Amino acid sequence: EPPDTPKDFSCQTQDMKRVTCTWREEETYLYGKNSPRYTLSKTSSQKMALCKASCSKQCSCSWNIGQQWIWNVTVTVENPLGKKTATDVFDVNHRMYPTAPFQVWEDCTDTEMTLHWNYENNEIDLFCQTEVLQPDGKVELHNSSIADSRRITVRGLQPYSEYTARVRCGAAKHFWRWSEWSQPLTTRTKEGTPSGKLDIWREITPVLRGRNVTLFWKQTPSFQANGKIISYEVTLEKIEDGSQPESISFSSIYNSTRIFIDSHSYRISIVAKNNVNFSLPSVLIISRATDNSRKILFCSFLGTEELKEGQVNGTDDGIFISWEPRSIYDSYIIDWCNFPRLQPCDLQWKRFGPNTSSTVISSAAFVPGVRYKFRIYGSVANRASLLEKKIGYLRELPPFLDPIVRKVDLTYNSVTLSWDSYLTNESEPGFVRGYHVYVSPIQGNCNLKGSKKHILSDESELCKYTIENPEEKRYTVKHLIPNTKYKLVVKAFTGGGETPIVNFRYIDTPYNSNMLYFVFLLVIVPTLVAAICHWKMKWVKECCCPVIPSPNKSKVLSFKEFKIDSEKVLKINDCLPDVLAMDSNVEAHKL
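Right under this line is the structure:
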């Protein structure tokens with residue numbers, strides 16, 4: 003291909019003595035003696051080359067300017083297929099491209115950094131710019147306010163923080179372009195007085211003749227150490243008698259301590275110390291021990307609690323906690339243990355403003371099946387009071403054990419199960435919500451009245467009864483079939499469900515005694531009566547079916563007018579006998 007017009011053709015100087023022109027080499031697909039040839043010359047005299055071009059991706063050509071400041075130069079590229087040119091007209095004073103600054107160093111205080119540097123062309127007035135990389139990754143640019151200045155001061159820095167800076171310069175009078183950046187310089191500001199306060203908390207345990215107080219402290223996002231913390235200082239002051247404060251210093255590796263105090267009120271303050279100064283004190287006040295405190299101690303010995311523990315639920319983000327707000331408090335504190343099964347536990351706490359009444363407590367240490375306890379305090383004037391207690395799980399799991407059935411009472415159509423109280427201690431993986439009773443005959447499907455069907459993994463069918471009262475310890479399954487073998491099991495369930503059904507208990511319902519009694523009345527009694535009647539046939543016949551009925555036993559003769567004395571009389575004209583027989587003449591005459 004024929005050559006194209008040279009791209010990005012421009013000329014500049016770094017020392018006001020020598021000019022360098024550059025342009026981009028284009029591909030012509032011709033090589034060897036046919037490859038492109040570049041010539042740089044004055045536009046007015048193109049036959050005389052100013053310099054010899056060298057190309058490696060980018061072409062350049064340099065020459066001494068002497069006393070000439072205005073230049074009109076042309077670069078010519080040609081090969082056997084054609085020729086193209088590009089022209090640049092410039093004033094050398096307007097094409098200054100300084101070399102990069104060197105020998106960069108700094109002077110630092112806790113909040114300021116002054117950068118110094120040198121550059122080669124001392125005769126040229128330069129305007130310089132500094133780039134500062136902040137500890138948070140942000141970049142700031144600072145321009146020098148004085149031409150030819152070889153230093154710049156950057157203010158508003160954080161104490162004891164690492165910064166990286168570099169410098170570049172350009173012509174002060176006729177700015178053409180920035181120089182390359184200097185080598186980066188990394189430095190750290192000096193230490194300063196710690197800013198902000200530590201976040202402090204306490205755990206109070208009543209003991210005989212006083213209280214054990216465990217103090218905790220941590221650095222919050224608003225606290226700035228501004229240096230290396232070398233120690234923490236705890237000051238203990240009794241409020242009532244105005245005694246001399248007592249101070250204890252701890253190494254920076256500690257974040258808690260335990261002290262013993264009596265029943266008086268105490269003011270406790272904690273400060274952090276670096277090599278420069280102390281931070282502002284963080285204060286908490288422990289009120290005087292009252293009869294209520296001694297009552298709490300007594301209750302702790304008995305294993306009872308004054309405040310009931312409310313249950314809270316886990317979410318995808320943590321454990322949701324809410325409380326009843328009180329207008330008298332200026333803040334609320336929630337404390338808990340990330341690892342409640344360790345003793346002593348690692349107490350954690352979090353503060354909330356007066357307008358907050360709910361939150362989600364999250365921690366990477368929270369795991370399913372572990373019960374966490376939360377205490378909610380209200381604080382006013384650095385005095386904290388326990389308001390509520392909560393317990394909950396990130397996610398409940400099925401219970402470890404099934405209830406132990408101690409007693410089984412059977413009838414022909416029911417079974418009554420009695421089991422021990424389920425131990426709901428802290429090691430349980432969930433709150434026991436109730437029980438499920440499963441029943442099924444060994445042969446056939448279950449269709450007991452009042453139950454729900456439950457299908458096992460092997461597709462066998464059970465009858466399921468739900469008891470939603472975890473305090474219940476007795477249940478009766480009715481409508482069973484007499485003389486039938488059943489399998490049954492009692493399972494406790496939590497918010498995480500129940501364990502798989504593996505082991506059953508087997509029972510046999512007895513015969514129906516009422517049915518036997520009915521059979522006895524229906525068969526045995528008539529048979530016995532028949533036997534007696536057969537044995538006393540003559541007596542029965544005389545009693546029940548006599549040849550000559552007794553008039554006294556006839557209902558027909560029960561009217562008063564047919565009675566003579568105590569005898570019942572039958573009038574002959576009221577009767578039409580089929581046959582009249584005379585038994586005795588004497589009787590006939592008598593009649």
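Quick note: the sequence shown uses my numbering, first residue 3, plus one each step.
Where is the CB? At the ideal position from N, CA and C, for every residue including glycine.
These numbers come from a predicted model, not from an experiment.
Could you give the DSSP three-state label for residue i: helix, strand or coil?
i: Gly244; result: coil
i: Lys71; result: In the sequence as displayed, the identity of residue 71 is Trp instead of Lys. Reduced to three states, the DSSP call for Trp71 is coil.
i: Glu239; result: strand
i: Leu187; result: strand
i: Asn95; result: helix
i: Val588; result: helix
i: His536; result: helix
i: Gly34; result: helix
i: Glu164; result: strand
i: Lys297; result: Low per-residue confidence applies at Lys297: pLDDT is 49, beneath 50, and the placement is therefore not dependable, though the value from the model is reported in the following sentence. Lys297: helix per DSSP, three-state reduction.
i: Trp256; result: As written in the sequence, residue 256 is Tyr, which differs from the Trp given in the question. Tyr256: coil per DSSP, three-state reduction.
i: Met18; result: coil
i: Arg290; result: coil
i: Lys140; result: coil
i: Asp10; result: strand
i: Ile148; result: coil
i: Val581; result: coil
i: Ser251; result: strand
i: Thr113; result: coil
i: Thr101; result: coil
i: Asn384; result: coil
i: Ser364; result: coil
i: Tyr66; result: Tyr is not the amino acid found at residue 66; the sequence shown has Asn there. Correct three-state label for Asn66: strand.
i: Ser224; result: coil
i: Thr195; result: coil
i: Val369; result: coil
Tell me, to the nearest whole angstrom, how far the beta carbon of residue i is from that of residue j; I am working on the premise that it is less than 8 Å.
i: Gln131; j: Arg170; result: 6 Å
i: Val94; j: Leu42; result: So it is not a contact: roughly 15 Å between Cβ atoms.
i: Tyr467; j: His438; result: 7 Å
i: Phe376; j: Ile323; result: 6 Å
i: Ser281; j: Lys199; result: 6 Å
i: Ser233; j: Ser254; result: 6 Å
i: Cys1; j: Phe354; result: In the structure as shown, the chain starts at 3 and stops at 593, and residue 1 therefore has no counterpart that could be examined.
i: Gln48; j: Thr101; result: Gln48 to Thr101, Cβ: 31 Å. No contact.
i: Pro400; j: Arg435; result: With a Cβ gap of about 11 Å, Pro400 and Arg435 do not count as contacting.
i: Gly212; j: Ile263; result: 6 Å
i: Ile378; j: Trp325; result: 5 Å
i: Val215; j: Ile261; result: 5 Å
i: Val314; j: Lys391; result: Wrong, their Cβ atoms sit about 10 Å apart, outside the cutoff.
i: Asn36; j: Pro82; result: 5 Å
i: Pro223; j: Gly194; result: That pair is no contact at about 18 Å.
In the DSSP output, what is residue i paired with across the bridge?
i: His263; result: The sequence given here has Ile at residue 263, not His. Partner(s): Arg213.
i: His118; result: Trp107 and Arg153
i: Phe274; result: The sequence shown places Ala at residue 274, rather than the Phe named in the question. In DSSP, Ala274 forms a bridge with Tyr234.
i: Pro208; result: Arg213
i: Asp90; result: Val75
i: Lys375; result: Ile393
i: Ser181; result: Paired residue(s): none; Ser181 is not in a bridge.
i: Asn279; result: Answer by DSSP bridge pairing: none, since Asn279 is not bridged.
i: Phe218; result: Trp203 and Ser258
i: Asn81; result: Gly84
i: Ile126; result: In DSSP, Ile126 forms no bridge with anything.
i: Gly1; result: Nothing can be reported for residue 1, as the shown portion of the chain is limited to 3 through 593.
i: Glu463; result: Ile457
i: Leu135; result: Val141 and Thr166
i: Ala51; result: Ser43
i: Ser58; result: Gln60
Can you find at least 3 beta carbon pairs, one from the region 108 to 118 and one from the region 30 to 46, that sit closer than 8 Å?
no
With contact counted as at least three CB pairs below 8 Å, one residue from each stretch, are the region 382 to 396 and the region 326 to 333 in contact?
yes
Taking only runs that begin and end inside the region 404 to 459, name each unbroken beta strand (DSSP E) of 3 or more residues, in chain order.
407 to 412, 417 to 421, 434 to 443 and 454 to 457
Run through the region 475 to 534 for me and flag every whole alpha helix (DSSP H) of 4 or more residues, listed as ranges in chain order.
515 to 521
Segments assigned beta strand (DSSP E), at least 3 residues, entirely inside the region 299 to 358
The region 299 to 358 contains these whole beta strand (DSSP E) runs: 311 to 316, 321 to 324, 333 to 339 and 349 to 354.
Cβ contact check for the region 57 to 65 and the region 136 to 151: 3 or more pairs under 8 Å
no
Check whether the region 242 to 259 and the region 153 to 161 are in contact - that is, three or more C-beta pairs closer than 8 Å.
No contact exists between the region 242 to 259 and the region 153 to 161.
Cβ contact check for the region 422 to 430 and the region 363 to 370: 3 or more pairs under 8 Å:
no
If you pair each beta-carbon of the region 480 to 500 with each one of the region 430 to 447, do three or more pairs fall below 8 Å?
yes
Pairing CB atoms from the region 83 to 94 with CB atoms from the region 50 to 60, are three or more of them under 8 Å?
no
I'd like to know if the region 526 to 536 and the region 501 to 509 are in contact, where contact means that at least 3 CB-CB pairs between them fall below 8 Å.
In short, these stretches do not touch, since the Cβ pair count stays below three.
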